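Trainee: Note that the numbering used here has the sequence shown beginning at 271, numbered continuously upward.
Just dropping this structure here.
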Amino acid sequence: SVLVACGCNVQQIQETAASLDLGRMNEGPSALQGARNMFGGYGAYDGMALAETIESLIKRWTGIQFATFQQLYHHSGIVLKVFATSVRNGALVEFSVEKTPHDQVATACRSSMTVPFLFQAVHTIEGDLLVDGGVLDNCPVACFDTVEGVRNPRTLGFWITSMDEAQPSAPTDLRSFAMRMVELILYVEQY
């Protein structure tokens, strides 16, 4: 969605996805550092590689460093909405040109991708902690039900899944157990 909001076409999105260094995002800390991170930030990974990757993609396709939602909207005319979960009050937090025009897109995306226990929660200046918006709503299509205060009867959302997916293997360590628990929670929320 970020690449669409940057104004990328399908070919550019495919090329970008194919060139991503996903291994860099999987480079984890040592077991000791992961434990320290877990107790200090509630997640094994610090999430900086995620934020840096998103930031570099936005800059690559827009030329704007540390782009805000307002800047991204002015660049492409496309409304990007990103969601996180407030740990403090259990609310779904919307980041968009309408709600948070001066917030940085990469930071909001980092918050939105913070799978609990895997990535450290994002601290806000208001004293909140943010994690993946999918904890509360993994497909928040209702955010498009009104456009500029006018009811939009044409919202359409898709949930794509396969009945033939391979069964996951049983967790073998704390990290894989925590990840599987989060997957199950997110799955149950959908149905």
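Don't be surprised by glycine CBs; every beta carbon is placed ideally from N, CA and C.
Since this is a predicted model, take the numbers as computed values, not measurements.
Using alpha carbons as the reference points, say which of 327, 323, 304, 326 lies closest to residue 316.
Mentor: Among 327, 323, 304, 326, the Cα nearest to that of residue 316 is on 304.
Trainee: Output the distance between the C-alpha atoms of residue 391 and residue 371, rounded to the nearest integer angstrom.
Mentor: So the alpha carbons of these two residues sit roughly 22 Å apart.
Trainee: Closest by CA to residue 418, which one among 335, 369, 452?
Mentor: Of 335, 369, 452, the residue nearest in Cα terms is 369.
Trainee: Look up residue 323 in the DSSP assignment and say whether it is helix, strand or coil.
Mentor: Residue 323: helix per DSSP, three-state reduction.
Trainee: Comparing alpha-carbon positions, which option in 340, 399, 338 lies nearest residue 360?
Mentor: The shortest Cα separation from residue 360 among 340, 399, 338 belongs to 399.
Trainee: Does the segment 336–348 come within contact of the segment 373–392, defined as at least 3 CB pairs closer than 8 Å?
Mentor: Counting Cβ pairs under 8 Å, three or more are found: they touch.
Trainee: Which parts of the segment 315–378 are runs of the alpha helix (DSSP H), unbroken and 4 residues or longer, counting only runs that do not cross its ends?
Mentor: If we require 4 residues or more, the alpha helix (DSSP H) runs fully inside the segment 315–378 come out as 318–332, 339–346.
Trainee: So, helix, strand or coil for residue 416, using DSSP?
Mentor: Residue 416 falls in the strand class under three-state DSSP.
Trainee: Could you tell me which of 443, 382, 380, 332 sits nearest to residue 276, measuring between CA atoms?
Mentor: For the residues 443, 382, 380, 332, the minimum Cα distance to residue 276 belongs to 332.
Trainee: Could you tell me the alpha carbon to alpha carbon distance between residue 355 and residue 394, rounded to whole angstroms?
Mentor: Straight-line Cα distance between these residues: approximately 12 Å.
Trainee: Between the segment 408–415 and the segment 274–290, can you find at least three pairs of beta-carbon atoms closer than 8 Å?
Mentor: Contact between the segment 274–290 and the segment 408–415 is absent, because fewer than three Cβ pairs lie under 8 Å.
Trainee: Would residue 342 and residue 353 be called neighbours here (beta carbons separated by less than 8 Å)?
Mentor: Their beta carbons are not under 8 Å apart, which means residue 342 does not touch residue 353 by this criterion.
Trainee: Rounded to whole angstroms, how far is the Cβ of residue 280 from the Cβ of residue 387, which I believe are closer than 8 Å?
Mentor: So it is not a contact: roughly 34 Å between Cβ atoms.
Trainee: Drop a sphere of 10 angstroms on the beta-carbon of residue 382, count the other beta-carbons inside from all chains shown, and report buried for 16 or more, exposed for fewer.
Mentor: By the neighbour-count rule (16 or more Cβ atoms within 10 Å), residue 382 is buried.
Trainee: Check each candidate in 309, 405, 320 and name the one with the smallest Cα separation from residue 477.
Mentor: No information on residue 477 is available, as it lies outside the stretch 271 to 461 that the chain covers here.
Trainee: Within the 8 Å Cβ cut-off, does residue 364 reach chain C?
Mentor: Given the protein chain composition of this structure (a single chain), no chain C is represented.
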